[in-house]
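Data first, discussion second: the structure below is written as structure tokens.
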Amino acid sequence: MPQEKAATGFKNFFRIIRQSIRLKLMFSLGIFTLFILLVIGAYSLQNSTATLRDAMVRELLGKVEQESVLVLNLLKTVESDLMFLTQTPPIQGMIRASQNLNIDPLDGSSTAVWKSRLETIFENFALHKKHYRQIRFIGKDGHEQVRVDFQDGVVKTTPPERLQDKSKSGYFSKTASLEKHEFYISPLELNMEQGVIERPFLPVIRYATPVYDHENQFAGIVILNVFGEFLREILNKDNQHVSYLVNKDGYFLAHPDPAKEWGFALKHEHRIQNDFPEEAGTLLSGKPGFLEREDRLSVFFPLQVSSRFGVEWTFIVDANSDQIFLPIQSFQFGLMGVAGAILILSLLGAYFLAEKFTLPIRKAVEITNQLSQGDLSISIDVKSIDEIGQLLMAMQTMQSHWNQILGNIRDGAMQLTSSTNQISASSTEQSRNIEEQNDAITNFSAGLNELSATSNEMNLSADRVVESANQAIELASQGNKAIVISLNSIEEISSSNSNTSEKFTVLTEKVENIAKVMGTITKIADKTNLLSVNASIEAVKAGEFGKGFSVVASEIRRLADQTVLASEEISELINEIQKAANAAMMSMEKSSATTREGTRQINEAGDSIQALIDAVQEIGPMLVEMKVATEQQMDSARQMTDSIKQIQQMSNENKINAEQISETSIPLTHMAQDQLEIVQQFKVSTQLPLLSGKEEAEQNRLLKD
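Start counting the sequence shown at 0; every next residue gets the next number (numbering that gives the first Met the number 0).
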């Protein structure tokens, strides 16, 4: 369960990061900074640790070397002091006096006087130097002539009865074999008195040089016993570490445990080979260096006191590595603290950088959301020319294009609505005119029927005219009246035909206007379709943020396609109306011609009837002519009746077509209203200026750069 919770927590954490560019940027910069810090920190830590480690080792080795050099320099001063004491006048005075019955031949001083003078010099020298245990002058026979001891700050001169014979001591014989100005240096060892090791232990190192008389004959030695403890104090003045001083055989001359010291004198085998079995060879190699083992660091430095007499020491300082490298640990902790501070500062910097970089992105997202909701009136401020500025420029261009597209669609929809309304009104007016035309045709048909009946009656009257002239006159009068009535009816028919022709002319003009409007609608639909395609392309360029507008563009394109189809259907209907109207016009012209012919014939009949009334005597031939004319009139009336029927049929068809146009314009009006409703979903700004060609070219140049 805890592992599942942890896995779920990590999933939620990374899901939240994936949803925010700011968190992605902060997380990426944090990881990058952490990686850089780890790499640089590890490299710096390793190099710095190695450098500090080497520096600490060199520093410790330098201290060891410095202390060793102090000891060697001190021993060098012992040689100078020894040469100084050898050159003091009392020694040569004592030699001369001893060779001349204890009287110095140069100034007459006795041996005792010169001895006293030498004792005074030795006493003052020991009192001021403080690191000499004994200062002695030993004669050529090995007996001590003058001996001054310094211990616990007190200088003591040994009386003659306590002076010892040192002729059998090793340092006397070795010194006696030396040339003038040569030195004997003894190992650092425990002081012995009367052949017994002095207690408490008093380590000393002896420096001796031979003394020669004026004839260059051996006359004795001057020897200085140097406090070995004084040398060990110099080497062990650093109490923070464990110090060892060993001779060339590995015996401890100085050790934290006194029981392990002076093995060669006390006859025990506590040596460095026992404490450092693996490192002993390196420690006694006679070369300076250091060794690391577990948690210890050993620094060693050889002291070549006298290779001639085998006086070789090794000064070893053994330290705790943790204590030595404590500054390194402090440095490491400090470095980690600095790395942590840098990481925190980097995270803060990443936060502020992420805020700075994502603020325009969040602004762009906010603008995109408003655009996706149809609000095109927002103001897009471009304050930079970087990628974000280029994105805002592209959005500004897209907003300008959308405003232009939607404005065009809105204008086209309004124009389409106006055109469809005009078509509907024209169709209604055409239907009303056709109804009036049908009424006129009906009246004209009734007149023709009456004319036909009158013609039949005139034909019958012509048959009976011979039998009854009076009846003929009466009938002629009636015929004259009928002719007048027919003439009036024909004039009405002619007037009705003229009105009908004019209305058909108006109808033709309306149809042509409708055709022009449909052409405009078709162009608007094509332009709308093209604009919707461009809008779809811009929406695809916008990626996720343009999906909503892509749907709107697709819907607009579908409506535009429907508009094109409806426009094509309306155009076909208009063509049919134009054909029918042209046919009706031709029929009306033919009817007008027939009417004019009938009018002429009726006028002629009137003239004939008038002639009949004026001259009944001439009625016969005229009756024949009248009969013929009447038959012609009947034929014309039948033809006119047929033409009127055709005109009435065409008018009915025109009425049906007009009703179809009116019905077709209704869905077109609905489509235009739908387009207006879709466009009205967008809040278009009328104050935002459209980008000029120069401004758009400049923006495109910036986007390409």
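Just so you know, even glycine gets a beta-carbon here, dropped at the ideal spot from N, CA and C.
Checklist entry - DSSP state of residue 261, grouped into three classes? => result Taking the first residue of the sequence shown as position 1, residue 261 is located at position 262. Residue 261: coil per DSSP, three-state reduction.
Checklist entry - Per DSSP, which one or two residues make a beta bridge with residue 202? => result As a working mapping, residue 202 is identified with position 203 in the sequence shown. DSSP, once it has assigned bridges, lists 189 as partnering residue 202.
Next on the checklist: By DSSP's criteria, residue 155 is part of a beta bridge. Which residues make up the other side?
Outcome noted: The residue given as residue 155 occupies position 156 in the sequence shown. Per DSSP, 148.
Checklist entry - Looking only at its own chain, which residues have a Cβ that is under 6 Å from the Cβ of residue 310, when we skip the five neighbours before and after it? => result By one-based count along the sequence shown, residue 310 stands at place 311. Correct list, in chain order: 184, 186, 304.
Checklist entry - Mind checking residue 335: buried by the 16 CB within 10 Å criterion, or exposed? => result Translated into positions along the sequence shown, residue 335 becomes position 336. It counts as exposed.
Next on the checklist: Quick check: the Cα distance between residue 217 and residue 83, rounded to an integer number of angstroms?
Outcome noted: Along the sequence shown, one-based indexing puts residue 217 at 218. Along the sequence shown, one-based indexing puts residue 83 at 84. Approximately 18 Å between the Cα atoms of the pair.
Checklist entry - Under three-state DSSP, which class holds residue 142? => result Against the sequence shown, residue 142 aligns to sequence position 143. Residue state, collapsed to three classes: strand.
Item to check | Ordered list of beta strand (DSSP E) runs contained in the region 221-300, each at least 3 residues | outcome: 241-246, 251-253, 288-292
Next on the checklist: To the nearest angstrom, how far is the alpha carbon of residue 648 from that of residue 582?
Outcome noted: One-based indexing of the sequence shown puts residue 648 at position 649. One-based indexing of the sequence shown puts residue 582 at position 583. When rounded, the distance between both Cα atoms is 11 Å.
Checklist entry - Taking the continuous beta strand (DSSP E) assigned at residue 319, which residues delimit it? => result Reading the sequence shown from its first residue, position 320 is the one you call residue 319. Its beta strand (DSSP E) spans residues 310-319.
Checklist entry - Ordered along the chain, which non-local residues of its own chain (more than five positions away) have a Cβ less than 6 Å from that of residue 300? => result Residue mapping note: residue 300 aligns to position 301 of the sequence shown, counting from 1. Here the set comprises 63, 64, 67, 287, 314.
Item to check | Beta-carbon gap between residue 87 and residue 101 smaller than 7 Å | outcome: Residue numbering aside, residue 87 sits at position 88 when the sequence shown is read from its first letter. Residue numbering aside, residue 101 sits at position 102 when the sequence shown is read from its first letter. In this structure, residue 101 does not lie closer than 7 Å to residue 87 by Cβ.
Next on the checklist: Please identify the residue among 536, 275, 392, 7 whose C-alpha is closest to the C-alpha of residue 362.
Outcome noted: If you number the sequence shown from 1, residue 362 lands on position 363. Minimum Cα distance to residue 362 is reached at 392.
Checklist entry - residue 132 to residue 332, Cα distance in whole Å? => result Position 133 of the sequence shown, counted from the start, is the residue given in the question as residue 132. Position 333 of the sequence shown, counted from the start, is the residue given in the question as residue 332. Rounded to whole angstroms, residue 132 to residue 332 spans 51 Å at the Cα level.
Next on the checklist: On the DSSP bridge list, what partners appear for residue 532?
Outcome noted: What you label residue 532 is simply residue 533 of the sequence shown in a count that begins at 1. According to DSSP, residue 532 bridges with nothing at all.
Next on the checklist: DSSP three-state label for residue 182, please.
Outcome noted: Position 183 of the sequence shown, counted from the start, is the residue given in the question as residue 182. Of the three classes helix, strand and coil, the one that applies to residue 182 here is coil, per DSSP.
Checklist entry - With 16 other CB atoms within 10 Å as the buried threshold, where does residue 192 fall? => result On the sequence shown, residue 192 is found 193 positions in, with the first residue counted as 1. So residue 192 counts as exposed.
Checklist entry - So what does DSSP say about residue 381, is it helix, strand or coil? => result Mapped onto the sequence shown, residue 381 falls at position 382. DSSP places residue 381 in coil when its eight states are reduced to three.
Checklist entry - Just the Cα atoms here: how many angstroms apart are residue 556 and residue 413? => result The sequence position of residue 556 within the sequence shown is 557, counting from 1. The sequence position of residue 413 within the sequence shown is 414, counting from 1. Whole-angstrom Cα-Cα distance: 17 Å.
Next on the checklist: Between the alpha carbons of residue 539 and residue 553, how many angstroms are there, rounded?
Outcome noted: In the sequence shown, the residue the question calls residue 539 occupies position 540. In the sequence shown, the residue the question calls residue 553 occupies position 554. Straight-line Cα distance between these residues: approximately 12 Å.
Checklist entry - What are the residues that DSSP puts in a beta bridge with residue 195? => result One-based indexing of the sequence shown puts residue 195 at position 196. Beta-bridge pairing links residue 195 to 192.
Checklist entry - Rounded to a whole number of angstroms, what is the C-alpha to C-alpha distance between residue 69 and residue 254? => result One-based indexing of the sequence shown puts residue 69 at position 70. One-based indexing of the sequence shown puts residue 254 at position 255. Near 19 Å, if we compare the C-alpha coordinates of residue 254 and residue 69.
Checklist entry - Expressed to the nearest angstrom, what Euclidean distance is found between the alpha-carbon atoms of residue 263 and residue 194? => result Residue numbering aside, residue 263 sits at position 264 when the sequence shown is read from its first letter. Residue numbering aside, residue 194 sits at position 195 when the sequence shown is read from its first letter. Roughly 16 Å between the two C-alpha positions.
Next on the checklist: Mapping the DSSP letters down to three states, classify residue 89 as helix, strand or coil.
Outcome noted: Here residue 89 is taken as the residue at index 90 of the sequence shown, counted from 1. Residue state, collapsed to three classes: helix.
Checklist entry - Who does residue 161 pair with in a DSSP beta bridge? => result For the purposes of this step, residue 161 is identified with residue 162 of the sequence shown, where counting begins at 1. Answer by DSSP bridge pairing: none, since residue 161 is not bridged.
Item to check | contact_flag[the region 166-174, the region 200-215] where n(CB pairs < 8 Å) is 3 or more | outcome: yes
Checklist entry - Within 10 angstroms of its Cβ, does residue 144 collect 16 or more other Cβ (buried), or is it exposed? => result Numbered from 1 along the sequence shown, position 145 holds the residue referred to as residue 144. Residue 144 should be labelled buried.
Item to check | residue 609 - DSSP class collapsed to helix/strand/coil | outcome: Within the sequence shown, the letter at position 610 stands for residue 609. Helix, per DSSP.
Checklist entry - Would you call the CB atoms of residue 159 and residue 116 closer than 7 Å? => result Residue 159 sits at position 160 when you count from the first residue of the sequence shown. Residue 116 sits at position 117 when you count from the first residue of the sequence shown. Taking 7 Å as the Cβ cut-off, residue 159 and residue 116 do not qualify as a contacting pair.
Item to check | C-alpha gap between residue 148 and residue 221, whole angstroms | outcome: Here residue 148 refers to the residue found at position 149 of the sequence shown. Here residue 221 refers to the residue found at position 222 of the sequence shown. Computed Cα separation, rounded: 14 Å.
Next on the checklist: I'd like the list of long-range same chain contacts for residue 138, defined as Cβ closer than 7 Å, with 5 residues on each side in sequence excluded.
Outcome noted: Residue 138 sits at position 139 when you count from the first residue of the sequence shown. The answer, listed in chain order, is 144, 219.
Checklist entry - Which partner residues does residue 208 have in the DSSP bridge list? => result Indexing the sequence shown from 1 puts residue 208 at position 209. BP columns for residue 208 point to 221.
Checklist entry - By Cβ distance below 6 Å, which residues in the same chain neighbour residue 346 in space, the five residues on each side in sequence not counted? => result Numbered from its first residue, the sequence shown carries residue 346 at position 347. Closer than 6 Å at Cβ, skipping near neighbours: 29.
Checklist entry - When DSSP labels each residue in this structure, what does residue 135 get in the three-state scheme? => result As a working mapping, residue 135 is identified with position 136 in the sequence shown. Looking at residue 135 - three-state DSSP - the assignment turns out to be strand.
Next on the checklist: Among the candidates 569, 455, 577, 523, whose CA atom is the shortest distance from the CA of residue 504?
Outcome noted: Here residue 504 refers to the residue found at position 505 when the sequence shown is read from its first residue. Of 569, 455, 577, 523, the residue nearest in Cα terms is 577.
Item to check | C-alpha distance - residue 271 paired with residue 279, whole-angstrom precision | outcome: On the sequence shown, residue 271 is found 272 positions in, with the first residue counted as 1. On the sequence shown, residue 279 is found 280 positions in, with the first residue counted as 1. For residue 271 and residue 279, the distance between alpha carbons rounds to 6 Å.
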